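There are 4 protein chains.
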Amino acid sequence: MVRYKKSEEKQKMILYAAFQAVSELGFDSVTLQVIADYAKVSKGVVHYYFESKETVLIELLKWLTAKIYKKECASIELEKSAVKKLHAYISSAFVSPEKNRTFYRVYLDFLAKASRNPVYREINQQFYDNCNAIGKEIIQLGQKEGIFDINLSAEQTAPKIRAVIDGYLIQWLMMDRDDLHKFYREACLQTVISMLNNSSFFELRK
Amino acid sequence: MVRYKKSEEKQKMILYAAFQAVSELGFDSVTLQVIADYAKVSKGVVHYYFESKETVLIELLKWLTAKIYKKECASIELEKSAVKKLHAYISSAFVSPEKNRTFYRVYLDFLAKASRNPVYREINQQFYDNCNAIGKEIIQLGQKEGIFDINLSAEQTAPKIRAVIDGYLIQWLMMDRDDLHKFYREACLQTVISMLNNSSFFELRK
Amino acid sequence: MVRYKKSEEKQKMILYAAFQAVSELGFDSVTLQVIADYAKVSKGVVHYYFESKETVLIELLKWLTAKIYKKECASIELEKSAVKKLHAYISSAFVSPEKNRTFYRVYLDFLAKASRNPVYREINQQFYDNCNAIGKEIIQLGQKEGIFDINLSAEQTAPKIRAVIDGYLIQWLMMDRDDLHKFYREACLQTVISMLNNSSFFELRK
Amino acid sequence: MVRYKKSEEKQKMILYAAFQAVSELGFDSVTLQVIADYAKVSKGVVHYYFESKETVLIELLKWLTAKIYKKECASIELEKSAVKKLHAYISSAFVSPEKNRTFYRVYLDFLAKASRNPVYREINQQFYDNCNAIGKEIIQLGQKEGIFDINLSAEQTAPKIRAVIDGYLIQWLMMDRDDLHKFYREACLQTVISMLNNSSFFELRK
DNA sequence: GATGAATGAGTCTTCATTCAT
DNA sequence: GATGAATGAAGACTCATTCAT
Numbered sequence: 001m002v003r004y005k006k007s008e009e010k011q012k013m014i015l016y017a018a019f020q021a022v023s024e025l026g027f028d029s030v031t032l033q034v035i036a037d038y039a040k041v042s043k044g045v046v047h048y049y050f051e052s053k054e055t056v057l058i059e060l061l062k063w064l065t066a067k068i069y070k071k072e073c074a075s076i077e078l079e080k081s082a083v084k085k086l087h088a089y090i091s092s093a094f095v096s097p098e099k100n101r102t103f104y105r106v107y108l109d110f111l112a113k114a115s116r117n118p119v120y121r122e123i124n125q126q127f128y129d130n131c132n133a134i135g136k137e138i139i140q141l142g143q144k145e146g147i148f149d150i151n152l153s154a155e156q157t158a159p160k161i162r163a164v165i166d167g168y169l170i171q172w173l174m175m176d177r178d179d180l181h182k183f184y185r186e187a188c189l190q191t192v193i194s195m196l197n198n199s200s201f202f203e204l205r206k
Numbered sequence: 001m002v003r004y005k006k007s008e009e010k011q012k013m014i015l016y017a018a019f020q021a022v023s024e025l026g027f028d029s030v031t032l033q034v035i036a037d038y039a040k041v042s043k044g045v046v047h048y049y050f051e052s053k054e055t056v057l058i059e060l061l062k063w064l065t066a067k068i069y070k071k072e073c074a075s076i077e078l079e080k081s082a083v084k085k086l087h088a089y090i091s092s093a094f095v096s097p098e099k100n101r102t103f104y105r106v107y108l109d110f111l112a113k114a115s116r117n118p119v120y121r122e123i124n125q126q127f128y129d130n131c132n133a134i135g136k137e138i139i140q141l142g143q144k145e146g147i148f149d150i151n152l153s154a155e156q157t158a159p160k161i162r163a164v165i166d167g168y169l170i171q172w173l174m175m176d177r178d179d180l181h182k183f184y185r186e187a188c189l190q191t192v193i194s195m196l197n198n199s200s201f202f203e204l205r206k
Numbered sequence: 001m002v003r004y005k006k007s008e009e010k011q012k013m014i015l016y017a018a019f020q021a022v023s024e025l026g027f028d029s030v031t032l033q034v035i036a037d038y039a040k041v042s043k044g045v046v047h048y049y050f051e052s053k054e055t056v057l058i059e060l061l062k063w064l065t066a067k068i069y070k071k072e073c074a075s076i077e078l079e080k081s082a083v084k085k086l087h088a089y090i091s092s093a094f095v096s097p098e099k100n101r102t103f104y105r106v107y108l109d110f111l112a113k114a115s116r117n118p119v120y121r122e123i124n125q126q127f128y129d130n131c132n133a134i135g136k137e138i139i140q141l142g143q144k145e146g147i148f149d150i151n152l153s154a155e156q157t158a159p160k161i162r163a164v165i166d167g168y169l170i171q172w173l174m175m176d177r178d179d180l181h182k183f184y185r186e187a188c189l190q191t192v193i194s195m196l197n198n199s200s201f202f203e204l205r206k
Numbered sequence: 001m002v003r004y005k006k007s008e009e010k011q012k013m014i015l016y017a018a019f020q021a022v023s024e025l026g027f028d029s030v031t032l033q034v035i036a037d038y039a040k041v042s043k044g045v046v047h048y049y050f051e052s053k054e055t056v057l058i059e060l061l062k063w064l065t066a067k068i069y070k071k072e073c074a075s076i077e078l079e080k081s082a083v084k085k086l087h088a089y090i091s092s093a094f095v096s097p098e099k100n101r102t103f104y105r106v107y108l109d110f111l112a113k114a115s116r117n118p119v120y121r122e123i124n125q126q127f128y129d130n131c132n133a134i135g136k137e138i139i140q141l142g143q144k145e146g147i148f149d150i151n152l153s154a155e156q157t158a159p160k161i162r163a164v165i166d167g168y169l170i171q172w173l174m175m176d177r178d179d180l181h182k183f184y185r186e187a188c189l190q191t192v193i194s195m196l197n198n199s200s201f202f203e204l205r206k
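Chains as they are written, first to last, in UniProt numbering: chain A, 1 to 206; chain B, 1 to 206; chain C, 1 to 206; chain D, 1 to 206.
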């Protein structure tokens with residue numbers, strides 16, 4: 001069957017509607033009817049553009065992680081120094097309470113699914129890989145600049161940055177306090193920087 | 001009363017069955033029939049002990065987080081120094097690939113729900129508070145011992161420890177590689193220690 | 001899952017309701033809701049007793065063909081001579097306009113399905129085999145009695161009897177004229193008898 | 001008009017596509033999309049040439065039975081004697097395993113529908129009438145030739161020929177064995193001949 | 001003439017919940 | 001206390017039909 005042919009635009013529209021719907025209601029509670037309602041189309045249209053509900057969700061997550069990654073890329077590209085790039089990266093991750101809430105709600109549903117389903121895990125792995133590429137770039141630049149510990153393996157350290165970002169953002173989401181968003185962003189930045197600066201210190205004192 | 005006791009035991013049994021079931025299948029896919037099957041009781045029994053499916057899940061998460069917390073408490077109590085307590089705490093959090101997988105799958109489902117539902121959020125907050133109490137105790141002890149940065153607010157820093165632990169464990173879960181479990185535990189420990197040691201450094205260089 | 005345990009009676013009731021429903025509306029138009037309505041139970045009950053709609057239909061056809069066969073068996077057992085048994089067999093097949101209509105409508109749906117689906121074909125083959133056993137018995141008895149052509153292979157001739165019966169009953173059904181039922185029964189009987197008597201004649205004149 | 005002609009051709013094409021589709025999938029499973037796919041046209045075209053799905057099916061069956069009848073007519077016209085015409089008729093009915101399978105699958109679906117729906121029954125009646133005209137012609141010729149029982153009413157006997165043909169072909173279809181096709185054709189021929197030869201015998205011995 | 005996007009009614013199926021035994 | 005039969009609401013999915021282009 002020839003699908004996806006013409007209106008890729010409409011597909012995107014449906015995905016965005018699904019994103020809003022999932023964010024507000026959660027994976028379990030989102031029905032195709034709800035997605036259709038959010039997209040202001042009939043139920044049949046969703047099926048017309050996507051084979052199944054599962055497909056909608058999978059495409060949603062591909063689209064979403066790709067979008068996040070692109071934004072992060074764009075924001076670090078504007079900066080030159082490692083520290084500024086790191087700032088930019090983390091600021092991009094902590095974009096705003098509203099957007100973080102919307103995204104991380106969906107992302108948590110996604111992670112929960114990914115913990116059991118290889119298809120979702122694969123998509124997340126792609127996201128991780130992309131984020132790690134960013135992390136690696138920043139670490140290596142910082143090492144060249146002499147401000148990050150030269151002994152760190154960029155390869156092994158990059159994932160840790162993402163782990164810390166996600167850890168903080170998830171906790172922030174759970175706190176349900178928008179006013180703490182800035183605090184969490186700073187905390188995250190601090191933790192990452194201390195991680196990149198001081199592993200040698202840690203080794204000495206261990 | 002003996003009867004009451006027996007009831008309580010059976011309740012626990014059902015909760016444990018629900019835990020296994022949710023871990024394997026996820027919140028969405030778990031039905032009361034499945035829980036009953038895991039518990040080797042009839043479907044009616046589950047309803048006999050719990051008002052509704054929702055109640056089962058809520059009780060499950062109360063029980064689960066309480067259990068995790070107790071284990072963590074027990075493990076740090078055995079140690080005297082701050083560093084050893086921290087080790088014990090993190091080792092307790094990174095108990096084993098199998099147990100971490102089982103727990104964090106459920107916990108992710110839980111967090112996803114909690115991001116929208118105040119009831120679940122409340123339960124998680126209790127868990128966070130408990131964990132933060134542990135964190136605070138360790139930080140303050142370390143500060144007394146002179147090995148942790150004295151300028152850190154224990155109150156504000158304790159949550160960060162949990163954020164880092166969860167961040168690492170979630171990423172580990174996504175990697176689906178049991179052999180990396182140890183690596184993630186060490187990375188987590190390093191990050192936490194560098195966080196506690198070096199905030200002054202960070203301040204200086206910023 | 002433990003199904004089919006207790007109320008086999010209710011299963012039969014649902015099958016009978018399905019039989020009536022299919023006969024009146026046809027396979028395509030019969031929904032589980034319709035079957036439930038005919039059985040005067042809720043829609044869920046049908047699913048409780050049968051895995052799927054397909055299962056209902058398959059069981060229906062097993063049950064139906066078994067029932068027809070049993071009746072035919074019972075009717076020929078009462079007779080002693082080959083001709084009388086043949087009469088009984090065909091009379092049993094041409095039981096009454098109402099019952100023939102009800103059964104053959106369903107049976108035609110069944111045959112249509114069986115022409116493409118091995119599962120249904122298998123069930124029909126069982127029915128054919130049973131009918132052929134009846135035919136064989138009659139033919140061999142008639143040959144012993146000296147009234148049927150001794151040169152006929154009972155094995156090869158028995159299926160022909162059923163083919164002729166079905167051919168006539170299907171045509172009768174299409175005519176939609178109850179008053180012709182008797183005529184078709186007699187025509188069927190004649191054709192079968194001439195088939196059993198005269199193959200030698202045919203050979204001679206060919 | 002050329003336009004009209006083109007239309008007619010396309011209609012035939014769609015009907016033929018529908019025929020193939022129904023034969024392979026059955027009435028229930030055939031959708032307009034499937035028919036369109038088989039005909040290599042868009043879904044809209046089918047609706048352009050036919051009012052509704054039902055119309056497609058009805059026209060299909062008219063077209064199909066007319067086609068079969070024409071072929072049978074053509075084949076008996078080539079022969080002179082009654083026996084040869086009968087041979088030709090039955091050979092035409094038993095044209096080949098492939099074609100019989102294709103046709104009788106559809107025809108069974110058709111009969112199943114006809115058993116409840118007067119519209120389809122009407123079309124089939126037309127087919128029966130046509131077939132009976134052939135049968136009558138053969139019988140009367142045979143009676144003139146002195147090889148068929150002169151006491152037979154051609155009017156009443158002709159339908160029986162078709163009943164026997166259909167009975168055998170349906171059973172053959174159910175056996176799913178192409179190698180038996182020839183056997184069933186011969187058996188059908190024998191049965192019809194014995195039917196036409198020997199009714200007087202039957203009367204005598206009854 | 002032809003296309004295929006859009007609609008929404010209708011179907012199967014699942015499952016939490018109720019309740020008679 | 002315990003069971004599992006019964007219910008029916010709700011969801012995913014299909015598909016004939018319509019209609020703008």
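Where is the CB? At the ideal position from N, CA and C, for every residue including glycine. Bear in mind the structure is a predicted one, so any value in this text is a computation, not a measurement.
- Boundaries of the alpha helix (DSSP H) harbouring Ile-35/B: 32-39, taken from the DSSP string.
- In the displayed model, Gly-26/D falls within coil according to three-state DSSP, outside both helix and strand.
- Proximity of Asn-100/C to chain D, defined by a Cβ-Cβ separation below 8 Å, is not satisfied.
- Below the 8 Å Cβ cutoff, chain C contributes Leu-111, Ala-163, Asp-166, Gly-167, Ile-170 as neighbours of Ile-170/D, in chain order.
- Taken in chain order, the unbroken stretches of alpha helix (DSSP H) that lie wholly in the stretch 86-135 of chain D and span 4 residues or more are 97-114.
- Gln-190/D and Tyr-16/C have their C-alpha atoms roughly 39 Å apart.
- Taking the C-beta atoms as reference points, Gly-167/A is found nearer than 8 Å to Asp-166/B.
- Of all alpha-carbon atoms in Tyr-184/A, Gln-11/A, Ser-23/A, Asn-197/A, the one lying nearest the alpha-carbon of Asn-117/B is that of Ser-23/A.
- Per DSSP, the continuous alpha helix (DSSP H) segment holding Glu-72/A begins and ends at 53-77.
- By the 16-neighbour rule on beta-carbons within 10 angstroms, Glu-72/D is buried.
- Apart from sequence neighbours up to five positions away, the residues of its chain that approach Leu-196/B with a beta-carbon distance below 6 Å are Phe-148, ordered along the chain.
- For Ser-194/B, the enclosing alpha helix (DSSP H) stretches over residues 181-197.
- From the beta-carbon of Leu-32/A, no residue of chain B is found nearer than 8 Å; the closest lies around 15 Å away.
- Closest in C-alpha terms to Tyr-184/D, from the list Ile-35/C, Gln-156/C, Ile-76/C, comes Gln-156/C.
- Contact of Met-13/D with chain C by beta-carbon distance below 7 Å is absent, the smallest such distance being about 24 Å.
- With a contact defined as Cβ atoms closer than 8 Å, Leu-60/A and Phe-19/A qualify at about 6 Å.
- Any Cβ of chain C closer than 8 Å to the Cβ of Asp-129/D would place that residue at the interface, and such an atom is absent.
- Look at the beta carbons and you see the stretch 107-122 of chain C not touching the stretch 133-146 of chain C: under three pairs across the two are nearer than 8 Å.
- The continuous stretches of alpha helix (DSSP H) do not include Lys-80/D, and DSSP gives it neither H nor E.
- Neighbours of Pro-159/D across chain C, judged by C-beta separation under 7 Å: Gln-171.
- A Cβ of chain C is located within less than 8 Å of the beta carbon of Asn-124/D.
- Chain-ordered, the chain B residues with CB closer than 7 Å to the CB of Asp-176/A read Arg-121.
- At a Cβ-Cβ threshold of 8 Å, Ile-14/C and Tyr-104/C do not count as neighbours.
- Sequence-distant Cβ neighbours of Leu-108/B in its own chain, meaning closer than 8 Å and more than five residues away, are Ile-170, Leu-173.
- For Asp-166/C, the enclosing alpha helix (DSSP H) covers residues 154-175.
- Put simply, the CB of Thr-65/C is far from chain D, with every gap to its CB atoms at 8 Å or more.
- By the 16-neighbour rule on beta-carbons within 10 angstroms, Ser-194/C is buried.
- DSSP, reduced to helix, strand and coil, places Ile-150/C outside both helices and strands of the structure shown, so it counts as coil.
- Between Tyr-128/A and Pro-159/A, the C-beta gap is smaller than 8 Å, which places the two residues in contact.
- With contacts defined by Cβ atoms closer than 8 Å, Ile-138/A and Tyr-89/A form a contacting pair.
- With a beta-carbon spacing of about 34 Å, Phe-50/B and His-181/B fall beyond the 8 Å limit used to define contacts.
- The residues Ala-114, in chain order, have a CB closer than 6 Å to that of Asn-124/D in the same chain once the five nearest residues on each side in sequence are set aside.
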